[in-house]
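Asker: Residue numbers (my numbering): 5 to 365.
As structure tokens, this is what we get:
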């Protein structure tokens, strides 16, 4: 089943393998992609993955999470993004643009004064953030919408909204970081208002048929954070919000990944909570979380719980893994989940790469 066609809204995909968004750190200081990013997407498209989801692209300068992050906040980015999509389409691939705003998670090197639903600091944010004024909330909603328009105009096959891992949308949905007492905070309806408005504004820009889906953090994993039952309740509203699919993840920052995955029993670590969410939505579900072995991926699909399998670290190590699995040459990724790729891209300014690979590979 792994290599049967699937659909996300109007987008038909050749197989069920998805390259989950990965922060490549291959852009210049203004967010324009470097040639290395085009080369990486060429490798991924040639490698046989059904859909490439870009690393998160910032929708406004106030939402730049880290250095070398790709931007989609200006029409000036469109020509460079067109080159990326043409590169993928030339190889027969499909590509979705993940759009994001870091909110309080934006770092000091990129944003002088982070904004968030409420002023907050440790342990959720690396430093203090300023509570957003109502006008800033409206401006940011439109920033998401304009970013989606640019993605469509640039030739991306779909847009994925980043609603996970402690970035701005997560900050609004989580009671830990949203302490507002106006229409944007308090009960779950108010805490999801920002997301609903983002979805509505995007639809107004891209139309009813363009594929729009979400990566959603179903749980924070932090005390006083978003609870699983609340996350599932939010997922049940995604069809009403006009979304076409959901990639279910969880955790904040590094908590969203696990190290040292060696055994099949350690793979698919979000599957138990995805199983709880499955009855609450008819949308296609992209399952992410430590998948390494073909038989574990197949089992997740055949169970009816997942419709697609999202891979991140295995495709950092081997962009051609889907073809290797399909040909029978490989039954499992050689990624050992050491997570040395994470410090490489998040702390040193070096582009995303598996350090275990020889130089030049």
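By construction, the Cβ of each residue, glycine as well, lies at the ideal position given by its N, Cα and C atoms.
Do residue 232 and residue 188 have their C-beta atoms closer together than 8 Å?
Answerer: Not closer than 8 Å, so no.
Asker: Tell me which residue opens and which closes the alpha helix (DSSP H) that residue 277 is part of.
Answerer: First-last of the alpha helix (DSSP H) with residue 277: 275-281.
Asker: If we ignore side chains and look at the alpha-carbon of each, how far apart do residue 35 and residue 42 end up?
Answerer: The straight-line gap from Cα to Cα measures roughly 14 Å.
Asker: So, do the region 47-59 and the region 82-95 have three or more beta carbon pairs nearer to each other than 8 Å?
Answerer: The answer is yes - the region 82-95 touches the region 47-59, with three or more Cβ pairs under 8 Å.
Asker: Which of helix, strand or coil does DSSP assign to residue 116?
Answerer: It is coil, neither helix nor strand.
Asker: Using the three-state DSSP reduction, which class does residue 263 fall into: helix, strand or coil?
Answerer: For residue 263, the predicted model reports a pLDDT of 46, less than 50, meaning its position is unreliable; a value from the coordinates is still stated below. Correct three-state label for residue 263: coil.
Asker: Quickly, what does DSSP pair residue 291 with across the bridge? List them, please.
Answerer: In DSSP, residue 291 forms a bridge with 252, 313.
Asker: Taking the alpha carbon of residue 80 as the point to measure from, which residue in 37, 104, 193 has its own alpha carbon closest?
Answerer: If we check each option's Cα against that of residue 80, 37 comes out closest.
Asker: Alpha helix (DSSP H) containing residue 220: first to last residue?
Answerer: Residue 220 -> not in any alpha helix (DSSP H); beta strand (DSSP E) instead, spanning 216-221.
Asker: Residue 105 and residue 64 - do their beta-carbons sit closer together than 8 Å?
Answerer: Cβ distance < 8 Å, so residue 64 and residue 105 count as in contact.
Asker: Among the candidates 78, 73, 10, 25, whose CA atom is the shortest distance from the CA of residue 56?
Answerer: Closest option to residue 56, Cα to Cα, is 25.
Asker: When burial is assigned at 16 or more other CB atoms within 10 Å of the CB, is residue 8 buried or exposed?
Answerer: Classification for residue 8: exposed.
Asker: Give the DSSP-derived three-state secondary structure of residue 23 in the structure shown.
Answerer: Strand, per DSSP.
Asker: Answer yes or no: do residue 3 and residue 10 have a C-beta to C-beta separation smaller than 8 Å?
Answerer: No information on residue 3 is available, as it lies outside the stretch 5 to 365 that the chain covers here.
Asker: State the start and end residues of the unbroken beta strand (DSSP E) segment that holds residue 104.
Answerer: 99-104 is the span of the beta strand (DSSP E), which, as asked, contains residue 104.
Asker: Beta-carbon within less than 7 Å of residue 237's beta-carbon, same chain only, minus the 5 sequence neighbours each way: which residues are those?
Answerer: So the list reads 192, once near-sequence residues are dropped.
Asker: Starting from the C-beta of residue 91, find all residues in its chain whose C-beta is less than 8 Å away, skip the five residues before and the five after it, and write them out in chain order.
Answerer: Closer than 8 Å at the Cβ level, and outside the excluded window around residue 91, lie 42, 45, 46, 49.
Asker: Quick check on residue 39: buried or exposed, where buried means 16 or more other Cβ atoms within 10 Å of its Cβ?
Answerer: So residue 39 counts as exposed.
Asker: On the DSSP bridge list, what partners appear for residue 10?
Answerer: Paired residue(s): 17.
Asker: Mapping DSSP to helix, strand and coil, what is residue 189?
Answerer: Reduced to three states, the DSSP call for residue 189 is coil.
Asker: What do you reckon, are the CB atoms on residue 167 and residue 243 nearer than 8 Å?
Answerer: Contact: no.
Asker: Is the CB-CB distance between residue 205 and residue 133 below 8 Å?
Answerer: No. Outside cutoff.
Asker: Over the uninterrupted alpha helix (DSSP H) stretch that includes residue 236, give me the two end residues.
Answerer: Looking at the DSSP string, the run of the alpha helix (DSSP H) that includes residue 236 is 232-239.
Asker: If distances are taken between C-alpha atoms only, which option among 279, 229, 225 comes closest to residue 251?
Answerer: The shortest Cα separation from residue 251 among 279, 229, 225 belongs to 279.
Asker: Please state the DSSP three-state secondary structure of residue 61.
Answerer: Three-state DSSP puts residue 61 in a strand.
Asker: Can you tell me where the alpha helix (DSSP H) holding residue 93 begins and where it ends?
Answerer: Unbroken alpha helix (DSSP H) run through residue 93: 82-94.
Asker: Can you tell me whether residue 307 is buried or exposed? The criterion is at least 16 other CB atoms within 10 Å of its CB, across all chains shown.
Answerer: Classification of residue 307: exposed, given that the 10 Å Cβ count is below 16.
Asker: May I ask you to report which of helix, strand or coil DSSP gives residue 183?
Answerer: Of the three classes helix, strand and coil, the one that applies to residue 183 here is coil, per DSSP.
Asker: Just the Cα atoms here: how many angstroms apart are residue 196 and residue 77?
Answerer: Cα to Cα, residue 196 sits roughly 23 Å from residue 77.
Asker: Please name the residue or residues paired with residue 169 in a DSSP beta bridge.
Answerer: In the DSSP output, where bridge partners are listed per residue, residue 169 has 256.
Asker: Can you give me the C-alpha to C-alpha distance between residue 336 and residue 220, rounded to a whole angstrom?
Answerer: Computed Cα separation, rounded: 26 Å.
Asker: Over what stretch of residues does the alpha helix (DSSP H) that includes residue 301 continue unbroken?
Answerer: Where residue 301 is concerned, the enclosing alpha helix (DSSP H) stretches over 298-306.
Asker: Assign residue 29 to one of three DSSP states: helix, strand, or coil.
Answerer: Residue state, collapsed to three classes: coil.
Asker: Going by DSSP, what residue range makes up the alpha helix (DSSP H) through residue 329?
Answerer: Element bounds for residue 329: 325-331.
Asker: Residue 243 lies in the alpha helix (DSSP H); which residues open and close that run?
Answerer: Segment: none, residue 243 is in no alpha helix (DSSP H) and carries neither H nor E.
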